[in-house]
Amino acid sequence: MKMRDLEARTGVNRETIRVLFRAGLLPDPHRPARNVADYGEEHVRAILAVRKLQQDSRMTLPQIKAALSGQNGTRQIGANALGHLEELVSGRVGVRKGYLSLAALAEQNPKAPGDARALAKLEIIELAEGEDGPMISITDAELLNIWSRMRSVGFDEEHGFPPDILDYYVKASEFVAANEAKLFLEQVEGQMGEDEAAAMLEVALPSMLDFFGILRQRAFLRMIGERTRDGAGIKVKKLPRAPRAKG
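Residue numbers for the sequence shown follow my numbering, beginning at 12 and rising by one.
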């Protein structure tokens with residue numbers, strides 16, 4: 012497609028699109044001749060991903076570029092933004108999933124390689140072999156960044172918090188996600204089209220992540236309060252069986 016087609020598909024004017032190219036956020040176009048540029052679906056996806064990151068996550072172009080290289084510093088990237096970042100990397104390198112090398116991450120976080128191996132052993136992240144050694148996805152890199160921030164305030168081996176303690180998050184997340192997926196599919200399969208279901212999930216996934224986070228924080232503070240105030244023990248309950256949807 013030509014530039015005018017790209018503008019029409021994305022709703023973004025050519026001046027802004029050129030800014031994205033100069034920022035290195037879009038893959039180079041195909042050039043069948045010196046002054047001719049052809050654009051593809053990867054450009055449409057990348058531009059829309061940038062717009063989503065700007066509008067929904069309030070990220071600037073420098074912040075987006077830094078996140079793509081795994082150097083987002085102290086800024087925490089929302090779970091909803093990670094998919095858009097993955098889409099950007101996919102378009103730039105021509106694959107469906109973008110990866111960052113552990114060697115590059117280690118420049119900012121020296122413990123990244125060791126933590127990555129520990130989290131991979133727990134099946135929290137996946138390691139892939141690349142030309143520059145072990146690599147991880149942008150989403151997995153953000154998990155490492157989160158753990159790095161935890162380390163910086165004292166959640167480390169010296170204080171009894173090795174990466175292994177994160178195992179129970181895997182079990183809890185699998186339980187919650189299985190319930191969400193089961194209940195959602197039971198209600199929408201055969202009842203609505205893919206576009207309508209996708210529109211529901213676009214709102215539901217980040218919203219229920221916030222919902223669950225509030226419930227978890229409230230329960231945590233209640234238990235800590237009961238323990239410090241009354242000396243009550245904290246009982247860890249087993250996860251119940253998945254409920255069945257009604258209707």
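Positions of the beta carbon are idealized from the N, C-alpha and C atoms, including for glycine.
Pop quiz: residue i and residue j are said to be a contact at Cβ under 8 Å. What is the actual Cβ separation, rounded to whole angstroms?
i	j	result
residue 111	residue 146	6 Å
residue 127	residue 138	6 Å
residue 38	residue 48	The pair is not a contact, with the Cβ atoms about 12 Å apart (cut-off 8 Å).
residue 76	residue 34	6 Å
residue 133	residue 177	6 Å
residue 190	residue 155	With a Cβ gap of about 27 Å, residue 190 and residue 155 do not count as contacting.
residue 55	residue 17	7 Å
Span of the beta strand (DSSP E) holding residue i?
i	result
residue 61	No beta strand (DSSP E) contains residue 61, which is instead part of the alpha helix (DSSP H) from 52-67.
residue 42	41-44
Provide the residue span of the alpha helix (DSSP H) that contains residue i, from first to last.
i	result
residue 217	205-241
residue 26	25-33
residue 73	72-79
Given that a residue counts as buried once 16 or more other Cβ atoms are within 10 Å of its Cβ, and exposed if not, what is residue i?
i	result
residue 153	buried
residue 107	Bear in mind that a pLDDT of 40 at residue 107, under 50, signals an unreliable position, so the number given afterwards is only what the model happens to contain. So residue 107 counts as exposed.
residue 163	exposed
residue 206	exposed
residue 64	buried
residue 170	exposed
residue 60	buried
residue 174	buried
residue 226	exposed
residue 216	exposed
residue 209	exposed
residue 57	buried
residue 218	exposed
residue 149	buried
residue 31	buried
residue 151	buried
residue 135	buried
residue 28	buried
Using three-state DSSP, classify residue i as helix, strand or coil.
i	result
residue 302	Within the shown structure, residues of the chain are numbered from 12 to 258, placing residue 302 beyond reach of any answer.
residue 47	strand
residue 198	helix
residue 245	coil
residue 188	helix
Cβ of residue i versus every heavy atom of the ligand PLP: is any distance shorter than 7 Å?
i	result
residue 244	Among the components of this structure there are no ligands whatsoever, and the ligand PLP is therefore not found.
Kindly indicate if chain C contains any beta-carbon less than 8 Å away from that of residue i.
i	result
residue 186	Considering every chain present, this structure includes no chain C. It has just one protein chain.
Length at least 4, wholly inside the segment 104-179: the alpha helix (DSSP H) runs in chain order = 113-119, 123-132, 149-163
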